[in-house]
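K.L.:
Same order as they appear, the protein sequences are chains D and S. Following the numbering used here, the numbering of the first sequence begins with 8 at its first residue and continues without gaps. Following the numbering used here, the numbering of the second sequence begins with 8 at its first residue and continues without gaps. Here it is, the structure in full.
Protein chains: 2
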Amino acid sequence: MAAAAGVSAHTLRYYERAGLIEPVARTSGNQRRYSQADIAWLQFLLRLRETGMPIAQMREYAALRGEGPETTAARLALLEQHQARLHEQIALARRHEKVLAAKITSYRADLAAERAGVDQTEGADA
Amino acid sequence: MAAAAGVSAHTLRYYERAGLIEPVARTSGNQRRYSQADIAWLQFLLRLRETGMPIAQMREYAALRGEGPETTAARLALLEQHQARLHEQIALARRHEKVLAAKITSYRADLAAERAGVDQTEGADA
DNA sequence: CCTTGACTTCGAGCGCGCTCGAACTTCTAT
DNA sequence: ATAGAAGTTCGAGCGCGCTCGAAGTCAAGG
Numbered sequence: 008m009a010a011a012a013g014v015s016a017h018t019l020r021y022y023e024r025a026g027l028i029e030p031v032a033r034t035s036g037n038q039r040r041y042s043q044a045d046i047a048w049l050q051f052l053l054r055l056r057e058t059g060m061p062i063a064q065m066r067e068y069a070a071l072r073g074e075g076p077e078t079t080a081a082r083l084a085l086l087e088q089h090q091a092r093l094h095e096q097i098a099l100a101r102r103h104e105k106v107l108a109a110k111i112t113s114y115r116a117d118l119a120a121e122r123a124g125v126d127q128t129e130g131a132d133a
Numbered sequence: 008m009a010a011a012a013g014v015s016a017h018t019l020r021y022y023e024r025a026g027l028i029e030p031v032a033r034t035s036g037n038q039r040r041y042s043q044a045d046i047a048w049l050q051f052l053l054r055l056r057e058t059g060m061p062i063a064q065m066r067e068y069a070a071l072r073g074e075g076p077e078t079t080a081a082r083l084a085l086l087e088q089h090q091a092r093l094h095e096q097i098a099l100a101r102r103h104e105k106v107l108a109a110k111i112t113s114y115r116a117d118l119a120a121e122r123a124g125v126d127q128t129e130g131a132d133a
């Protein structure tokens with residue numbers, strides 16, 4: 008059970024169906040045997056996945072890979088595009104973090120005021 | 008159409024159904040009229056949403072808010088918890104960014120080698 | 001008055017990424 | 001030889017966060 012690669016057998020089969028993994032070698036009895044290369048590829052996919060790359064794009068990437076080494080440039084472009092998205096995500100998250108931190112600070116102030124017996128402002132939530 | 012607050016009327020009603028927005032004032036003809044306070048609250052919600060807070064937790068927050076000012080501490084705790092998650096997300100995204108950058112660098116090297124007429128390594132994807 | 005268009009409720013449907021279960025086959029250990 | 005664990009295919013289901021459509025109600029302009 009190659010699902011020890013950090014993912015369920017169900018998911019593994021799903022990835023195959025989804026065209027992310029080219030059909031893997033089978034035993035005489037039709038059972039899948041994952042090679043080292045298969046596992047490496049899977050882990051690469053999982054890393055892309057973790058970074059929020061949608062399945063559809065991973066499929067594109069996988070298709071390019073299937074077409075051979077002459078698609079390296081195209082694959083690189085995909086990765087770069089993904090990297091750009093990742094950058095954006097991080098930047099956005101950081102902005103949100105700032106807003107949230109401000110909100111929390113003001114909440115703390117409210118609490119302090121309350122403990123001091125001062126009336127609260129209503130609807131201070133925005 | 009208060010949906011000009013950056014969200015569709017459908018979504019607005021969905022949020023009400025979902026318990027994120029307490030039922031808003033209606034005209035004689037049963038039509039919703041959003042007050043400034045409603046709009047402010049909505050925008051606060053949307054900000055939480057954008058930062059990836061799940062609806063379920065927003066619902067919790069909304070419920071606490073409905074219970075009055077004595078729940079401020081609890082709400083603060085929720086926000087802090089969310090902040091922690093946001094921090095984690097950012098940290099994770101940064102790690103992914105590093106991995107991806109490394110991958111891209113190696114791809115560029117592959118491309119350069121190819122242009123130089125050197126054979127490619129197969130399965131270099133992990 | 002009457003059209004027209006924005007509102008209402010309700011429940012169904014969607015896109016994503018799995019996740020699961022049924023029914024069947026195959027492998028493994030005794 | 002055989003029990004039972006683990007594999008197979010297939011299609012359905014789920015959880016999230018909307019999104020949409022049908023059928024009806026209401027408001028405002030001509």
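Virtual Cβ for every residue (Gly too), placed ideally from N, Cα, C.
So, using beta-carbon positions, are R115 (chain D) and L83 (chain S) closer together than 8 Å?
P.N.:
Indexing the first sequence from 1 puts residue 115 (chain D) at position 108. Indexing the second sequence from 1 puts residue 83 (chain S) at position 76. L83 (chain S) sits close to R115 (chain D), with the two beta carbons spaced by under 8 Å.
K.L.:
For L85 (chain S) and Y68 (chain S), which I take to be in contact (beta-carbon distance under 8 Å), what is that distance rounded to the nearest angstrom?
P.N.:
Counting from one through the second sequence, the residue named residue 85 (chain S) turns up at place 78. Counting from one through the second sequence, the residue named residue 68 (chain S) turns up at place 61. Right, their Cβ atoms sit about 5 Å apart.
K.L.:
Closest to T34 (chain S) by CA distance: which of S:L27, S:S42 and S:I28 is it?
P.N.:
As a working note, residue 34 (chain S) is residue 27 in the second sequence. Checking every option, the nearest Cα to that of T34 (chain S) belongs to S:S42.
K.L.:
From the DSSP output, read off the bridge partner residues of R39 (chain S).
P.N.:
Within the second sequence, numbered from 1, the residue matching residue 39 (chain S) stands at position 32. Answer by DSSP bridge pairing, in chain order: S:R33.
K.L.:
Determine which residues of the stretch 106–126 of chain S have a Cβ less than 8 Å from any Cβ of chain D, and write them out in chain order.
P.N.:
V106, L107, A108, K110, I111, Y114, R115, D117, L118 and E121
K.L.:
Along chain S, which residues have their Cβ under 7 Å away from the Cβ of T79 (chain D)?
P.N.:
What you label residue 79 (chain D) is simply residue 72 of the first sequence in a count that begins at 1. Those within 7 Å of T79 (chain D) in chain S are Y114, D117, L118 and E121.
K.L.:
Among the candidates S:P76, S:R20, S:L52 and S:I62, whose CA atom is the shortest distance from the CA of Q38 (chain S)?
P.N.:
Position 31 of the second sequence, counted from the start, is the residue given in the question as residue 38 (chain S). When only C-alpha atoms are compared, the closest one is S:R20.
K.L.:
For the stretch 41–64 of chain D, which residues have a beta carbon sitting closer than 7 Å to at least one beta carbon of chain S?
P.N.:
A44, A47, W48, Q50, F51, R54, E57 and T58
K.L.:
Cβ atoms of H89 (chain D) and L107 (chain S): under 8 Å apart, would you say?
P.N.:
As a first step, residue 107 (chain S) must be located in the second sequence, where it is residue number 100. As a first step, residue 89 (chain D) must be located in the first sequence, where it is residue number 82. Cβ distance < 8 Å, so L107 (chain S) and H89 (chain D) count as in contact.
K.L.:
Go through the stretch 23–110 of chain D residue by residue and report every complete run of the alpha helix (DSSP H) that reaches 4 residues or more, in order.
P.N.:
43–57 and 62–73
K.L.:
Between Q96 (chain D) and A123 (chain D), what straight-line distance do the alpha-carbon atoms span, to the nearest angstrom?
P.N.:
Taking the first sequence and counting its residues from 1, one reaches residue 96 (chain D) at position 89. Taking the first sequence and counting its residues from 1, one reaches residue 123 (chain D) at position 116. Computed Cα separation, rounded: 40 Å.
K.L.:
So, helix, strand or coil for S113 (chain S), using DSSP?
P.N.:
Residue 113 (chain S) sits at position 106 when you count from the first residue of the second sequence. Of the three classes helix, strand and coil, the one that applies to S113 (chain S) here is helix, per DSSP.
K.L.:
Name the chain D residues whose beta carbon is nearer than 8 Å to that of R82 (chain S)?
P.N.:
Here residue 82 (chain S) is taken as the residue at index 75 of the second sequence, counted from 1. Under the 8 Å cutoff, chain D gives Y114.
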